[in-house]
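>
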Amino acid sequence: MTKLCSLLFVTFLISSSASHADPVPVPTQITISNWWDVQNEEQIWVSPTAPDILVACWRDFRQGYRQVGIGRSNDGGLNWTGDTLINPANQIFDWQSDPTLTVDANGTFYLCVVDYQDYWGYDSCFLAWHVSNDSGVSWSGPHTVKDTIGPFFEDKQFTAVDRTGGSHSGNIYVAWKRFYDGGPEGQIMFARSTAGAVTWDDTLVIGPRRDASACGWPDIGAGQFAFPLVGSDGSVYVFWAGTYLDGAPTCTIGYGLDFVKSTNGGASFTSPTPIRRTYGNWGSVDGGIDVYNAPTAAADISGGPFDGNIYIAYANLDTSNTEFIDSDYNIEFIRSLDGGASWSTPIYINDDYTGDSATVDQFHPWLSCDELDGTLAAIWYDQRIDENSHFWFMVFAAYSFDGGVTFTTNHRISENWIDPDLADPPPYTVGGTGNVLNTPMTKSRAGKLAEYIGLSISSKQAHAVWTGTGPEEPFGLTTGQNVYGASWEIPFLPPRLISPPGGSSPKARANSVTFTWSTCWDSESDFYRIEIADNPSFVQLLVDNETDDNSITLPKSLFAIDVQHHWRVKAFRQDPNLPYDSTDYSEGTFTIGSGCCVLRGDVDHSGGLDISDLVYLVDFMFSGGPEPLCFDEADIDSSGAEPVDIADLVFLVDFMFNQGPAPGACP
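For any residue, its number in the numbering used here is found by taking its place in the sequence shown, counting from 1, and adding 340.
#1: May I have the straight-line CA-CA distance separating LEU837 from LEU898, to the nearest angstrom?
#2: So, helix, strand or coil for TYR632, using DSSP?
#3: Using DSSP with H/G/I as helix, E/B as strand and the rest coil, what is SER464?
#4: Pick out the complete alpha helix (DSSP H) segments inside the region 493-566, 4 residues or longer, and give them in chain order.
#5: Would you please state the rounded distance, in angstroms, between the beta carbons of VAL984 and PRO968? I believe it to be under 8 Å.
#6: Report yes or no: do the region 370-380 and the region 820-832 share at least 3 C-beta pairs separated by less than 8 Å?
#7: Using the three-state DSSP reduction, which class does ILE838 fall into: helix, strand or coil?
#8: Got a sec, what are the start and stop residues for the beta strand (DSSP E) VAL745 sits in?
#9: What's the gap between the Cα of THR488 and the Cα of SER798?
#10: Are three or more beta carbon pairs between the region 398-409 and the region 431-445 nearer than 8 Å?
#11: Determine the burial state of TYR739: buried for a count of at least 16 other Cβ atoms within 10 Å of its Cβ, exposed for fewer.
#12: With H, G and I counted as helix, E and B as strand and the rest as coil, what does DSSP make of VAL386?
#13: Hey, how far is the Cα of SER667 from the Cα of ALA987?
#14: Are there any heavy atoms of the ligand HEM lying less than 7 Å away from the beta-carbon of ILE665, as far as the coordinates show?
#15: When you compare the CB positions of THR499 and THR424, do they come within less than 8 Å of one another, or not?
#16: Helix, strand or coil: which one does DSSP assign to THR613?
#17: Closest to ASP862 by C-alpha separation, out of ASP874, ASP888, LEU882 and PHE878, would be which residue?
#18: What span of residues does the beta strand (DSSP E) with GLU829 cover, start to end?
#19: Is the region 730-748 close to the region 683-698, with three or more CB pairs under 8 Å?
#20: Three-state secondary structure (DSSP) at GLY816?
#21: Measure the Cβ-Cβ separation of TRP720 and ILE758 and say whether it is below 8 Å.
#22: Evaluate contact between the region 471-491 and the region 537-550, counting only Cβ atoms and requiring at least three cross-stretch pairs below 8 Å.
#23: Measuring alpha carbon to alpha carbon, tell me which residue in PHE493, VAL395, PRO491 and SER464 is nearest GLY447.
#24: Closer than 6 Å by C-beta to PHE991: which residues in its own chain qualify, once you throw out the five before and the five after it? Chain order, please.
#25: Using 10 angstroms around the beta-carbon of GLY743, count the other beta-carbons present and answer buried if the total reaches 16, otherwise exposed.
#26: Over the uninterrupted beta strand (DSSP E) stretch that includes SER1014, give me the two end residues.
#27: Might you give, ordered along the chain, the residues of its own chain that have their beta carbon closer than 7 Å to the beta carbon of ARG518, omitting 5 neighbours on each side?
#28: Under a three-way DSSP split, which group does ASN656 fall into?
#29: Hey, how far is the Cα of ASP362 from the Cα of ASN649?
#30: Quick one, which of THR854, SER852, VAL853 and THR859 has its alpha-carbon nearest PRO834's?
#31: Can you tell me where the beta strand (DSSP E) with ILE671 in it begins and where it stops?
#32: Assuming GLY605 contacts HIS704 under a Cβ cut-off of 8 Å, what Cβ separation, rounded to an integer in Å, is found between them?
#33: Looking only at C-alpha atoms, which of SER963, PHE997 and GLY1004 sits nearest to CYS937?
#34: Report the residue from GLY587, LEU597, VAL545 and ALA639 whose alpha carbon sits nearest the alpha carbon of GLY574.
#35: Roughly how many angstroms separate the alpha carbons of THR807 and GLY679, rounded to a whole number?
#36: Please determine, among GLU755, SER708 and THR699, the residue with the shortest C-alpha to C-alpha distance to PHE741.
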């Protein structure tokens, strides 16, 4: 997070909303699969036609090699049945991996796996589809994207289906990374089916290799973790963790998020467009867990006030954390309101301390948007409760009720620690089929504690699946990776205090202070009370306001200079289907300093008034340059109008070049 100038006139310290005390009860954790060996890489979907029906899938090593497990619940996640592998009669080769899942508007589930031979060759695999028309009870298939295998290996496919009811409704989409035999770098591929995953159109290259010849290098691979998504108008997007290349002469290479878009149901796509740079792709966190900048995306197709919004979350290193620059991953979030033409400035979904000296990692996020009311939910792995070693982690969740503008206070949804030390399977004498492939794994699997987890929400009911470790295993064993899940009603959480941010200061403002907090429930039924006092007991309130907005701007004159003040916010909701209730207060502190202005017109805060101030102001107003550090110094015409505007620029130009009046004194 950006460090702000120490001269800023308001300093705030907000007590962390992510304390170790859970703000709401932790949902009941359900064991879905706990065989002796490893299970990971989970997905889950709620049936659109029967919200008590859930289907989940995962990668499964119970036979000592890669298979795919499937489970289902017919009571909203309270109990799970199945826990079976793909029927051998429906397998092409011996190994299956990288399971992904989706469902169409009619409740038909589609499972896609990489089905490949045990020697891992470049001519050894298919993308295979399995279809269930009875809510996961039985599956047909396999149906392959390509009819023949080629000199390449398919990897990390994700899937989507059009549920919009538009002209392309029912189309099924898949995107993936293709590795080529003989050394050419991989590309991002795409295919669509208009026939229920039974037959597939020809594959498209939507993410070609990057030409690096200007730097004297061979081509650079396009990236990985391609994630298809269908917007409310039926547009198809594919996002992926791509590569960044700043051409000659600098030839800087790095990582970033890229995407393409189709407006004709996946028949053709735009050229790849970069969204933003990312950091820490293919990194790791304490415990040896592999971490990526892989995007997870969701679209609002609810028809509600935020219909059409596109959302992306990803784990990213905080490069401003200079003390721990290589070990502070956070869950960043961006959104687009215009079909990908522009993207918001990133915010953090996680609400623990961030900035210099932050050491807690968050990683492997997943998003889901309620297709009935537009509620957006996120889950991720989080180390915050193991504050000493940052080794064990749990699953946390947060929600947005305002179209991704703010996210709620975070809360825990897993009951047990996830311990990387318990990630490897125990020694075990192989039984079972006697297949020569049925041999125990010996390689450490902590790094692969799920490259992805799963979340699906409907009607404010959330359902998640993830990889955990222990405590129970068959045969009395206590190690390995299991599939866990939880189902819960989205809670009414205390407000998350957002602005001014904890531990830092906002830009200095002349006349007012703005307080902002998270929206805690649907906009038609929520309102808030803010109280401000100069004492922690909130006796003799300076401010006692109610508002149906999630922010309030107050005159600076209400508050004494250099005195610590206390503020707190409480949320209320009222709905015909809900009891009138409220949350606990969330509390913070702030102190208003004596001011930052030394010389009005000194826009760059250098201590003098010269041409550099004019350049700074022009850059800010017209080129997206940094905001002036002190409002009063940039309020050159002394109007008090916020923000700084063209009148201030005209005043400064007139003074410098036309012998106009000098800027006035600081207030």
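No residue lacks a Cβ here, since even glycine has one placed at the ideal position from N, Cα and C.
Looking at the atomic coordinates:
#1: 20 Å
#2: Look at TYR632 here: in three-state DSSP terms it is coil, with no helix or strand label.
#3: Reduced to three states, the DSSP call for SER464 is coil.
#4: none
#5: 6 Å
#6: Taking one beta carbon from each stretch, the region 370-380 and the region 820-832 have 3 or more pairs nearer than 8 Å; the two touch.
#7: Strand.
#8: Here VAL745 belongs to no beta strand (DSSP E), and DSSP marks it neither H nor E.
#9: 39 Å
#10: yes
#11: buried
#12: strand
#13: Straight-line Cα distance between these residues: approximately 45 Å.
#14: Among the ligands in the structure shown, none appear at all, so the ligand HEM cannot be discussed.
#15: No, the pair does not count as a contact, with Cβ atoms beyond the cut-off.
#16: Shown here, THR613 sits in a strand according to DSSP, grouped into three states.
#17: A check of alpha carbon separations from ASP862 across ASP874, ASP888, LEU882 and PHE878 identifies ASP888 as the nearest.
#18: 822-829
#19: yes
#20: For GLY816, the pLDDT reaches just 46, beneath the cut-off of 50, and the residue's location in the model is therefore unreliable, leaving the point undetermined.
#21: No; because the gap between Cβ atoms is not below 8 Å, this pair is not in contact.
#22: Two segments are said to touch when three or more pairs of C-beta atoms, one from each, lie closer than 8 Å; by this definition the region 471-491 touches the region 537-550.
#23: Selection PHE493, VAL395, PRO491 and SER464 evaluated against GLY447 yields VAL395 as nearest (Cα-Cα).
#24: ILE976 and ASP977
#25: By the neighbour-count rule (16 or more Cβ atoms within 10 Å), GLY743 is buried.
#26: Since the displayed the chain opens at 341 and closes at 1007, residue 1014 lies outside it and no answer follows.
#27: Once the five neighbours on either side are set aside, the close Cβ partners of ARG518 are PHE492, GLU494, GLY526, GLN527 and MET529.
#28: strand
#29: Rounded to whole angstroms, the separation of the alpha carbons of ASN649 and ASP362 is 31 Å.
#30: THR859
#31: 669-676
#32: Not a contact, Cβ separation roughly 31 Å.
#33: Closest option to CYS937, Cα to Cα, is GLY1004.
#34: ALA639
#35: Across the structure, THR807 and GLY679 are spaced so that their CA atoms are roughly 33 Å apart.
#36: SER708
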